[in-house]
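Chemist: Would you mind keeping the following structure in view while I ask a few things?
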Amino acid sequence: MATSWSLPDRPMSVEEITKEANNFNYTNNISFKHWLRAADSLNRQGLAYVRDGNVPQAYLLLYRYSILVLQHLRKHPEATSPEGKTAFKALKGRIQVVLETLDKLKPHVKAAHDEWVKIHALQKSQGYSLPQDKKPSPYEQHASKDAALSWNPQVRAKLLDADDHQDLAVDLAKQEIRRRGAARKATRHAAQDEDHQLRRSTTSLDQRDASALRTRYDQDDGDDIRRNMDAVRRRLDQSEQAKRPTFSDAPPAYSNDYNYPSISKSSPYSYNTSFNEDAYNRLPSQPPARPPKPREAPFLSDDTVKPSPARPAKEPLEGLHEPSVTTPSATAPDRPPKLGSGPEKPDSRERVTFRPAAYLEDGTPIRPIFLPAGLREEFLRIASPNTRQGLEMCGILCGTAVNNALFINCLIIPQQTCTTDTCETDNEEAVIEFCEQEDLMVFGWIHTHPTQTCFMSSRDLHTQSGYQVMMAESIAIVCAPRSEPDFGIFRLTNPPGLDYILQCTQSSTFHPHGIDNLYTDARHPPGHVYHSGQMEFQVEDLRPKSKG
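So the sequence shown is residues -19 to 528, counted in my numbering.
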C-alpha cells in the first residue's frame, strides 16, 4: 500500500524565477525619482538575501533589478534630464557586478531544482504517492510562487510563523543589524586610514616637486617652468588615479540556454564601489556536489559536506483561516497556517526563515513588517510645527530585511514641499545616498492629515503606487491628529487597486476614481504589519538647517 510522500514544495527553476522577475507593472506615469528608489531597494533586498543564503529570492530580485535598469528606466522621459542622467549613471554602474552575481547564483538555483526532481522521482519509485483524494491547500498553491521559500539542499532553514515568534524575529533582527553596523564602521575606518595615508603621500610628492621647481626657477626660462609644472600635474594625476579601485571590463561568460538583459556598449561604465563585495566574493563559482550539514548554514562557505543528506521532512500544516480581504475580482488566499502546536525556539545555530504574513488578493506572498511602537509618536512630534499651521508633512520608513522579514529601524525626514493638502519630497538623491551609506531599504512612508480625516486621498494613492510597484509589502501610514481614528496603516489592493492607479493619468490633487476598494488595512490581523515595543529606531532629518 502506497504511503503519502513528504518532500517539501518543489523549488522554482531558473526559467520560472526569471519569468516571475519580469512579472511587474512598469509605467512612465510613476515619476523617475520613485523608480530610482525602487531600483535601489531591489538591489539592497537582493544583497540581503545573498547574506541570508536565500539563493532563489536573491536571484529573482537582482534579475528584476537588471530588467528594470537596462530595459525600462533608460527609456523613462525624465531620464534625459541632467538630474536623471546623473542618477541613472549611478544605477547603471552596478549592473556589471549584479550580472556577475547572477552568474554565480544561477548554478545553485539549478542544482536545488535538479536535486528535488531526483529525490521526487526516487520517492515515487519507492511507492510514495500523494493521496488522490488530498487536494493542495490554498497555502500550498500560493507558496509555490514564493522564491524565498524554495527548498534549498545547501542551506536548510527552519520555517517559522512570525505571528508566534515575534520576539524571536526582533531579537534576531537586532543582532543582525548590530553586526552589519559594526561591519560598515570597520570598512569606513579602513577606508579613512587608507585615504589618510594616500593624502600624506600625495602631500609629500607635492612638496618635493614644488621644491624642485623653486630650486630650478632661476635657471629655467618660462617654457622650462611650464614643462616642470606639467610634470608635477601628471605625477599628481597618477597618484589620484591610484586611489580609484579598478574593475575588470570583461563581462562574465553566460550560458546559451538563458540570456540576461543586454548592456549597451555605447558608453563606458562607472562602477559603484559601495556594492557589498564581501558577500559577492564569498559566493562559490559552482554548487557543491552534495548538500552540506543542515546546521552549517552559510552556503557561501567552503566547509566540507556530509556524504549523503537526510531526506527533508515536511512541517505539519494545521487548519487554515478564512480570507479577510476580498475584491470584486479576486479573493486573497488564506494566511499561512501555523506550524506545530505552539512556539518552539530553534537551535541558536540553526538558520530560520519566516513565512509570509499574508497574501495579496492575487496570491502574491508578502513578508511581515515590524514597526517600532514609538515611531508614530516621534514623527508627530517632529511634524507638530507643520500641524499647527495646517500643513502636511511626510517621512520615509526605512529598514532592513532579515530572515525573510522586514524591520523598520529608521525614519527619514526628507527635504519636502508642504501644503495644506500635499507633501512632496525634494532632493531624492540625498535620500538614496543616505540609504546607501547605512544599507537601508525603503518600506513605505508616513504623513499627516492635519485638517482632514484618516483616509488615502487620490494623491496619496498615486504616491503609494510608486512605493508598492516594486515592493508589495510597502505601506502608507496616515496620521490625522484631529480625527478619530487618528491613524491608519494601508496598502493598495492588488487587484484591483495597484493596477488601476498605475493606469490613471489624472494629476489633480483631488480627482475621482471609477472603482472602490482601492486600498485596505495592512495592520495585523489580518494584514502583515506588526507593532513591536522592542524595535529601536533612529531619525535622520535631511531638511536644510535653518539659519540664525
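Just so it is clear, CB atoms sit at the ideal spot from N, CA and C, and this is done for glycine as well.
Note down, in chain order, each residue of its chain lying with its Cβ closer than 8 Å to the Cβ of Q518, except the 5 sequence neighbours on either side.
Modeler: Answer for Q518: N389, C390 and L391, listed in chain order.
Chemist: Does the ligand NAD have even one heavy atom less than 7 Å from the beta-carbon of I481?
Modeler: For the structure depicted, the ligand NAD is absent and the ligand set is empty, with no information on it obtainable.
Chemist: Between which two residues does the alpha helix (DSSP H) holding V519 run?
Modeler: Element bounds for V519: not the alpha helix (DSSP H) but the beta strand (DSSP E), Q518 to D521.
Chemist: When we look at the beta-carbon of Q417 and count the other beta-carbons within 10 Å, is it buried (16 or more) or exposed?
Modeler: Q417 comes out exposed.
Chemist: Does any C-beta atom of chain D lie closer than 8 Å to the C-beta of V382?
Modeler: The question asks about chain D, but that chain is absent: this structure has only one protein chain.
Chemist: Classify R361 as buried or exposed, calling it buried when 16 or more other Cβ atoms lie within 10 Å of its own Cβ.
Modeler: Exposed: under 16 other Cβ atoms inside 10 Å.
Chemist: Apart from the five residues just before and just after D151, which ones in its own chain have a Cβ nearer than 8 Å to its Cβ?
Modeler: Around D151: Q514.
Chemist: Cα separation between V509 and D147?
Modeler: Straight-line Cα distance between these residues: approximately 14 Å.
Chemist: The beta strand (DSSP E) that contains H427, what's its start and end?
Modeler: M421 to T428 is the span of the beta strand (DSSP E), which, as asked, contains H427.
Chemist: Taking only the alpha-carbon atoms, compute the straight-line gap between Q37 and G26 and give it to the nearest angstrom.
Modeler: Distance between the alpha carbons of Q37 and G26 is about 7 Å.
Chemist: According to DSSP, which residues form a beta bridge with Y499?
Modeler: DSSP lists L472 as partners of Y499.
Chemist: Does DSSP put L441 in a helix, a strand or coil?
Modeler: L441: helix per DSSP, three-state reduction.
Chemist: Give the secondary structure of T66 by DSSP, where H, G and I count as helix, E and B as strand, and everything else as coil.
Modeler: In this structure, T66 counts as helix in the three-state DSSP scheme.
Chemist: Determine the DSSP secondary structure at S512, reduced to helix, strand or coil.
Modeler: Of the three classes helix, strand and coil, the one that applies to S512 here is strand, per DSSP.
Chemist: Give me the Cα-Cα distance between H100 and I426, rounded to the nearest whole angstrom.
Modeler: Between H100 and I426, the C-alpha separation is close to 47 Å.
Chemist: Could you tell me the alpha carbon to alpha carbon distance between T443 and S105, rounded to whole angstroms?
Modeler: If you take the alpha carbons of T443 and S105, they lie about 54 Å apart.
Chemist: Just the Cα atoms here: how many angstroms apart are D141 and D94?
Modeler: Straight-line Cα distance between these residues: approximately 28 Å.
Chemist: By the 10 Å Cβ neighbour count, where 16 or more other Cβ atoms means buried, how is I469 classified, buried or exposed?
Modeler: Under this definition I469 is a buried residue.
Chemist: So Q396 is in the beta strand (DSSP E); what residue range does that whole segment cover?
Modeler: Looking at the DSSP string, the run of the beta strand (DSSP E) that includes Q396 is Q396 to C398.
Chemist: Within 8 Å, do at least three Cβ pairs link the segment 342 to 354 to the segment 405 to 413?
Modeler: Short answer: they don't touch.
Chemist: Does the beta-carbon of E(-5) have 16 or more other beta-carbons within 10 angstroms, so that it is buried, or is it exposed?
Modeler: The residue is exposed, with fewer than 16 neighbouring Cβ atoms inside 10 Å.
Chemist: Is the segment 450 to 463 close to the segment 479 to 490, with three or more CB pairs under 8 Å?
Modeler: Touching, no.
Chemist: Thinking C-beta only, is L71 closer than 8 Å to A19?
Modeler: Closer than 8 Å, so yes.
Chemist: Have a look at Q155 and A353 and give me their C-alpha separation to the nearest angstrom.
Modeler: Each residue's Cα considered, the two are about 19 Å apart.
Chemist: P57: which of P430, L41, S11 and T402 sits nearest, CA to CA?
Modeler: For the residues P430, L41, S11 and T402, the minimum Cα distance to P57 belongs to S11.
Chemist: Which whole-angstrom value is the C-beta distance of G379 and L386, which I expect to be below 8 Å?
Modeler: At roughly 6 Å, the Cβ-Cβ gap stays under 8 Å, so G379 and L386 are in contact.
Chemist: With R160 and D466 assumed to form a contact (beta carbons below 8 Å), what rounded beta-carbon distance in angstroms separates them?
Modeler: Actually they do not touch by this definition, with Cβ atoms about 35 Å apart.
Chemist: Determine, using beta carbons only, whether V458 and M436 come nearer to each other than 8 Å.
Modeler: Against a cut-off of 8 Å, the Cβ pair of M436 and V458 comes out as a contact.
Chemist: Let me confirm a value: I495 is counted as buried when at least 16 other C-beta atoms fall within 10 Å, else exposed. Which label applies?
Modeler: Burial call: exposed.
Chemist: List the whole-angstrom C-beta distance separating A128 from N384, where the pair is believed to meet the contact cut-off of C-beta under 8 Å.
Modeler: Indeed, because the Cβ distance is near 5 Å, the residues count as touching under 8 Å.
Chemist: In angstroms, rounded to a whole number, what distance separates the CA positions of E540 and L139?
Modeler: Here the chain has residues from -19 to 528 only, and residue 540 is not among them.
Chemist: Between E372 and C415, how many whole angstroms is the CB-CB distance? I'm expecting something under 8 Å.
Modeler: Not quite, the Cβ-Cβ distance comes to about 23 Å (not below 8 Å), so this is no contact.
Chemist: Thinking just about the alpha-carbon of each residue, which of E63, Y43 and G33 is nearest to the one in Q76?
Modeler: The option with the nearest alpha carbon to Q76 is Y43.
Chemist: Let me know the secondary structure DSSP gives L351 once reduced to three states.
Modeler: Strand at L351.
Chemist: With a 10 Å radius around its C-beta and 16 neighbouring C-beta atoms as the bar for buried, classify A166 as buried or exposed.
Modeler: It is exposed - the Cβ of A166 has fewer than 16 other Cβ atoms within 10 Å.
Chemist: Which first and last residues belong to the alpha helix (DSSP H) in which V35 is found?
Modeler: Its alpha helix (DSSP H) spans residues V35 to I47.
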